[in-house]
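Numbering of the sequence shown is given in our numbering, commencing with residue 33 and proceeding in unit increments. All residues carry an ideal CB built from backbone N, CA and C; glycine is no exception. Presented below is the structure to which this report refers.
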Amino acid sequence: MTCGEGGSAFCFAANTQFYLTSRGEMCPCDFTPLTVGRFPEESIANLWNKMTATPPYDQRAKACRMQDPEFRKKFIEPIPLKGPYPFPLGVS
33 MTCGEGGSAF
43 CFAANTQFYL
53 TSRGEMCPCD
63 FTPLTVGRFP
73 EESIANLWNK
83 MTATPPYDQR
93 AKACRMQDPE
103 FRKKFIEPIP
113 LKGPYPFPLG
123 VS
């Protein structure tokens with residue numbers, strides 16, 4: 033089941049959840065290789081505010097973004113093969 037298919041009415045990424053990697057990188061969710069920065073260099077509150085103010089996470093999504101071909105084309109496919117991973121959100 034995917035987000036929006038019978039389980040929930042929206043994607044939780046950067047809405048009610050985030051993922052913090054073992055190196056402190058804050059990501060919208062554990063399936064999204066994007067980051068807004070690293071804790072403890074920045075506070076969780078500052079990272080959260082930055083993430084929720086940056087497209088596409090400045091709006092709610094009705095379904096899992098990673099399963100959306102348009103999201104992947106715009107935000108995931110441009111990530112260079114050599115990374116870095118997670119890739120800084122807002123960098124093209």
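Leu79 (DSSP reduced to helix, strand or coil): Residue mapping note: residue 79 aligns to position 47 of the sequence shown, counting from 1. Here Leu79 sits in helix by DSSP.
By Cβ distance below 6 angstroms, which residues in the same chain neighbour Pro118 in space, the five residues on each side in sequence not counted? On the sequence shown, position 86 is the one that residue 118 refers to. Correct list, in chain order: Glu57, Cys59, Pro65, Leu66 and Thr67.
Would you kindly report the start and end of the unbroken beta strand (DSSP E) that includes Cys59? Locating residue 59 in the sequence shown gives position 27, where the first residue counts as 1. Here the beta strand (DSSP E) through Cys59 covers Glu57 to Cys59.
Can you check whether the CB of Thr86 is closer than 8 angstroms to the CB of Leu121? On the sequence shown, position 89 is the one that residue 121 refers to. On the sequence shown, position 54 is the one that residue 86 refers to. Yes, Cβ-Cβ distance for Leu121 and Thr86 is below 8 angstroms.
Return the chain-ordered ranges of every beta strand (DSSP E) run that is complete within the stretch 65 to 109 and spans a minimum of 3 residues. none
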